[in-house]
Amino acid sequence: LVKNTFDPQGPGTLIEQNPPDSRSLVRGISSSDRMALISMEGPGMVGIPGYSSRLFSVLAQNGINIILITQASSVHTMLVVIDEKDAPKAKKAVDELFAYEISLGKIQPLKVEKGYSIISLVGDDVKNQSGTSGRMFEALGHDGIKIRAIAQGSSERNVSAVVSTSDVKAAIKAVHREFFGETFRTVHLFLAGCGNVGGSLLGIIARQKETLLSTRNLKVVVNGLCNSRKMLLAQSNLMSGLFPENTARDIMREKINQEGEPLDFLKFIRSAADMGFPDSIFVDCTSDRNISDHYPEILNSGIGIVTCDKIANSSSTALYRACREAARATGARFVYDTNVGAALPIIPTVRQIIASGDSVTGIEAMVSGSLNFIFSAYGNNGSASFADIIREAARRGYTEPDPRTDLCGTDVTRKALILARETGMELEASDIEISGFLPQECIDAPTVEAFYASVEKNEEYFHGLATRISAEQGIAGEAKLRYTAVIRDGRVSVGLRAITPSHPFHQFTGTDSAVTISTREYPSPILISGAGAGGFITASGLWRGIIG
Numbered sequence: 000l001v002k003n004t005f006d007p008q009g010p011g012t013l014i015e016q017n018p019p020d021s022r023s024l025v026r027g028i029s030s031s032d033r034m035a036l037i038s039m040e041g042p043g044m045v046g047i048p049g050y051s052s053r054l055f056s057v058l059a060q061n062g063i064n065i066i067l068i069t070q071a072s073s074v075h076t077m078l079v080v081i082d083e084k085d086a087p088k089a090k091k092a093v094d095e096l097f098a099y100e101i102s103l104g105k106i107q108p109l110k111v112e113k114g115y116s117i118i119s120l121v122g123d124d125v126k127n128q129s130g131t132s133g134r135m136f137e138a139l140g141h142d143g144i145k146i147r148a149i150a151q152g153s154s155e156r157n158v159s160a161v162v163s164t165s166d167v168k169a170a171i172k173a174v175h176r177e178f179f180g181e182t183f184r185t186v187h188l189f190l191a192g193c194g195n196v197g198g199s200l201l202g203i204i205a206r207q208k209e210t211l212l213s214t215r216n217l218k219v220v221v222n223g224l225c226n227s228r229k230m231l232l233a234q235s236n237l238m239s240g241l242f243p244e245n246t247a248r249d250i251m252r253e254k255i256n257q258e259g260e261p262l263d264f265l266k267f268i269r270s271a272a273d274m275g276f277p278d279s280i281f282v283d284c285t286s287d288r289n290i291s292d293h294y295p296e297i298l299n300s301g302i303g304i305v306t307c308d309k310i311a312n313s314s315s316t317a318l319y320r321a322c323r324e325a326a327r328a329t330g331a332r333f334v335y336d337t338n339v340g341a342a343l344p345i346i347p348t349v350r351q352i353i354a355s356g357d358s359v360t361g362i363e364a365m366v367s368g369s370l371n372f373i374f375s376a377y378g379n380n381g382s383a384s385f386a387d388i389i390r391e392a393a394r395r396g397y398t399e400p401d402p403r404t405d406l407c408g409t410d411v412t413r414k415a416l417i418l419a420r421e422t423g424m425e426l427e428a429s430d431i432e433i434s435g436f437l438p439q440e441c442i443d444a445p446t447v448e449a450f451y452a453s454v455e456k457n458e459e460y461f462h463g464l465a466t467r468i469s470a471e472q473g474i475a476g477e478a479k480l481r482y483t484a485v486i487r488d489g490r491v492s493v494g495l496r497a498i499t500p501s502h503p504f505h506q507f508t509g510t511d512s513a514v515t516i517s518t519r520e521y522p523s524p525i526l527i528s529g530a531g532a533g534g535f536i537t538a539s540g541l542w543r544g545i546i547g
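Residues 0 to 547 in this note's numbering are what the sequence shown lists, from first letter to last.
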């Protein structure tokens, strides 16, 4: 019984020759630093006896202790771990011994690699403990720690792994957590975009870290962050990520501007892949086509994607398919539920209907929070001009930087195409029928400010829009304008419609979105409605995708 001098009343440590079998067979973790890997390889080794004995003999003759041995099953390569200080002596002795074979090309000169450590899991009869080695290697892999070599101790009391010395502390922590501490899953984020949505997501991450760990045994860390100009990456295998726990959102956003390097997106993604975390997710909070074009490459590297960007899913059929094929091939998650309706469960509902064996026969969607806000505000406020209401929508972050993206129906068209594809329709954007309502001079305005001026000039035109649309559609009496997408009978149409009080969309105001889904089995359409725009709402949908 070994007691603590400074705590004599404490329990101490009991060392026994024959401990009861009921106790844990895994006792501890050890590490040895300053290791060198020497490897001998070549085609001349295959099927020829004597190479191993000659290698071990010359090392022994030079007083070099062999710490660990591993050999490829093809007998083409043999790797030995020795003390780093002995590496120069080992290379000289081995190359001299095998000089003839080296000259004939039967084997290569001895390869020496420095900067490695050995981490060992120690316990009774480790070899025969089911799953012990697997748990150890999985813990290392989960934290992105690359294993260079493995070996089972001849005493059957340890299993060892060779890792980079720069990773040894993280490796010990990972294995200790697996066998002696509380285990939890860690998700590593590489986030693009720090604006309205990205900034809101950073705020959610900061607020929810501790709650998530205590309620779901899940930890989320940010290992990479980039905006349109700069990027910031954590060091390889840095489990704490870029920021300490509960770092404020504004501090995170400021750090990238102060410490970030110029953005190189391909380097950003390669670095994420090189870190090797098994639960890595690229979170796209941008609307950058240059980024979405790289989705298949990201997914093929094993990194999952959670995105609110609609471009990849509403672009060409080739890119749409490439993303799904890459996700299936690697098992990486591809989550885009916020593409339609922000945090509303619209896409998941369509997906679940089809998965259940039902089929979607029709969808009517009012899914532009910006246009819903604009037309409900314009209908309820006779004093404000159409241009002022658009400006207010932009100020609140409801529209794209150029409001014409919303007003021309580009956003709704993309969402309609995504929904149609989710139902199984094979369409391109050019197949969608779009009914515009903006005068051509507003569309052709050279700048955003010129666009606003053109809208003000055409105020009388916009003031009479509801009357004209109602007349065109043969609707008499009270009606409200709503910009909707209709998917039915193999066709997709998008445009401004007059909605009567009997229509379920008539009641909604503000940025509310609403979708009705008709199916073969449901007797009446399914109605999904709620807030469908805004930075925080979209970020909360992304957050669900990250932790789901």
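In this text, a Cβ means the ideal position worked out from N, Cα and C, and glycines have one as well.
Under the three-state reduction of DSSP output, VAL366 falls in the coil class, being neither helix nor strand. Short of 6 Å from the beta carbon of ASP488, and not among the five residues preceding or following it, lies no beta carbon of its own chain. Short of 7 Å from the beta carbon of ALA415, and not among the five residues preceding or following it, lie these beta carbons of its own chain, in chain order: ALA364, ILE431, ALA484, ILE486, VAL491, VAL493.
Bridge partners of PRO108 according to DSSP: none are assigned. With a threshold of 16 other beta carbon atoms within 10 Å, LYS110 falls short and is exposed. Just measuring C-alpha positions, the residue of PRO42, PRO108, PHE374 sitting nearest GLU95 is PRO108. Looking at the DSSP output, CYS225 sits in a beta bridge with ALA191, MET230.
Of the other Cβ atoms in all chains shown, fewer than 16 fall within 10 Å of the Cβ of GLU260; this residue is therefore exposed. For THR483, the uninterrupted beta strand (DSSP E) segment begins and ends at 479 to 487. Inter-residue distance for TYR451 and ASN216 is about 50 Å (C-alpha atoms, whole angstroms). Its chain contains PHE436, LEU480, LEU495 as the residues whose beta carbon lies nearer than 8 Å to that of LEU464, once the 5 sequence neighbours on both sides are disregarded; these appear in chain order. Counted as a single uninterrupted DSSP element, the beta strand (DSSP E) harbouring ASN157 occupies residues 157 to 163.
Closest in alpha carbon position to ALA530, among ASP443, ALA386, GLY368, is GLY368. Pairwise C-beta distances place the stretch 516 to 535 out of contact with the stretch 443 to 462, as fewer than three of them are shorter than 8 Å.
Comparing alpha-carbon positions, the option among GLU209, GLY104, LEU36 lying closest to GLU112 turns out to be LEU36. A Cβ-Cβ contact shorter than 8 Å links MET34 with VAL161. Excluding sequence positions up to five before and after SER313, its CB lies within less than 6 Å of the CB of ARG413, LEU416, ILE417, all in the same chain and listed in chain order. Between LEU78 and SER38, the beta carbon gap of about 4 Å places them in contact (Cβ cut-off 8 Å). The shortest C-alpha to C-alpha distance from LEU370 to any of ILE353, GLY340, ARG350, ILE345 is the one to GLY340. Rounded to the nearest whole angstrom, the C-alpha separation of ASP308 and MET424 is 21 Å.
A residue is called buried when at least 16 other Cβ atoms come within 10 angstroms of its Cβ; GLY356 does not meet this threshold and is exposed. Between SER375 and GLY473 the beta-carbon gap is near 23 Å, outside 8 Å, which marks them as no contact.
In the three-state reduction of the DSSP assignment, LEU120 falls in the strand class. With respect to SER163, SER29 sits apart: the two C-beta atoms are not nearer than 8 Å. For the beta strand (DSSP E) assignment, the uninterrupted runs of no fewer than 3 residues enclosed by the stretch 275 to 349 are, from N- to C-terminal side, 279 to 283, 303 to 306.
In the structure shown, PRO445 adopts coil according to DSSP, grouped into three states.
DSSP places GLN151 in the uninterrupted beta strand (DSSP E) bounded by 146 to 151.
Judged by beta-carbon spacing, SER31 lies beyond the 8 Å limit of ILE146, meaning their Cβ atoms are not closer than that value. Cα atoms of GLN70 and ALA148: separation of roughly 10 Å, rounded to the nearest angstrom. Contact between GLY240 and ASN226 fails: their C-beta atoms lie close to 17 Å from each other, not under 8 Å. The Cβ atoms of GLU459 and SER384 do not sit closer than 8 Å to each other. By a beta-carbon distance limit of 8 Å, GLU421 does not contact THR316. Their separation comes to about 14 Å. As for any alpha helix (DSSP H) of minimum length 4 sitting wholly inside the stretch 61 to 103, the runs are 86 to 96, 98 to 102, ordered along the chain.
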